[in-house]
Amino acid sequence: MPSVTNKGGHISQNNNAANYAGVDEAKATQTVANTATWVVTLNNVPTIANFTPGQALVYNSKGTNNHNADNMLTVTSVNGPCKYTCTGNWPMNI
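What the sequence shown shows, in the numbering used here, is residues 13 to 106, in sequence order.
#1: On a CA-only basis, which of 92, 57 and 46 is nearest residue 84? Give me that one, please.
#2: Could you spell out the range, first to last residue, of the beta strand (DSSP E) harbouring residue 24?
#3: Can you tell me whether DSSP reads residue 61 as helix, strand or coil?
#4: Tell me the DSSP bridge mates of residue 101?
#5: Do the segment 50-64 and the segment 73-81 meet, that is, are 3 or more Cβ pairs less than 8 Å apart?
#6: Considering only their Cβ atoms, is the gap separating residue 51 from residue 97 smaller than 9 Å?
#7: Using three-state DSSP, classify residue 28 as helix, strand or coil.
Structural data, given as structure tokens:
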């Protein structure tokens, strides 16, 4: 698997864009077919509440309103206040 790390962007709840955070990096740790496991490290805690397992998120790798850079992720585990393991598409829209 090629090593892929994307720096920057922002992430929000799929159904609550007001709950968002800046992203330090999103790193693919493994891939199977068109799905990857992503470790997402945030710059800060989300604005309203921490993300929880099973929650659908939208990661915009450019940090803009350009929806071509949107990626759907699902939280699989919480690794700390600003670090999450998620599943999502492979390759990522960047």
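Glycine included, each C-beta is placed from N, C-alpha and C at the ideal position.
So, from the data block:
#1: Across the set 92, 57 and 46, the C-alpha of 46 shows the shortest separation from the C-alpha of residue 84.
#2: According to the DSSP assignment, residue 24 belongs to the beta strand (DSSP E) that extends over 22-25.
#3: Looking at residue 61 - three-state DSSP - the assignment turns out to be coil, as it is neither helix nor strand.
#4: Per DSSP, 47.
#5: Inter-segment contact for the segment 50-64 and the segment 73-81 is absent: fewer than three beta-carbon pairs are separated by less than 8 Å.
#6: The Cβ atoms of residue 97 and residue 51 lie closer than 9 Å to each other.
#7: Residue 28 falls in the strand class under three-state DSSP.
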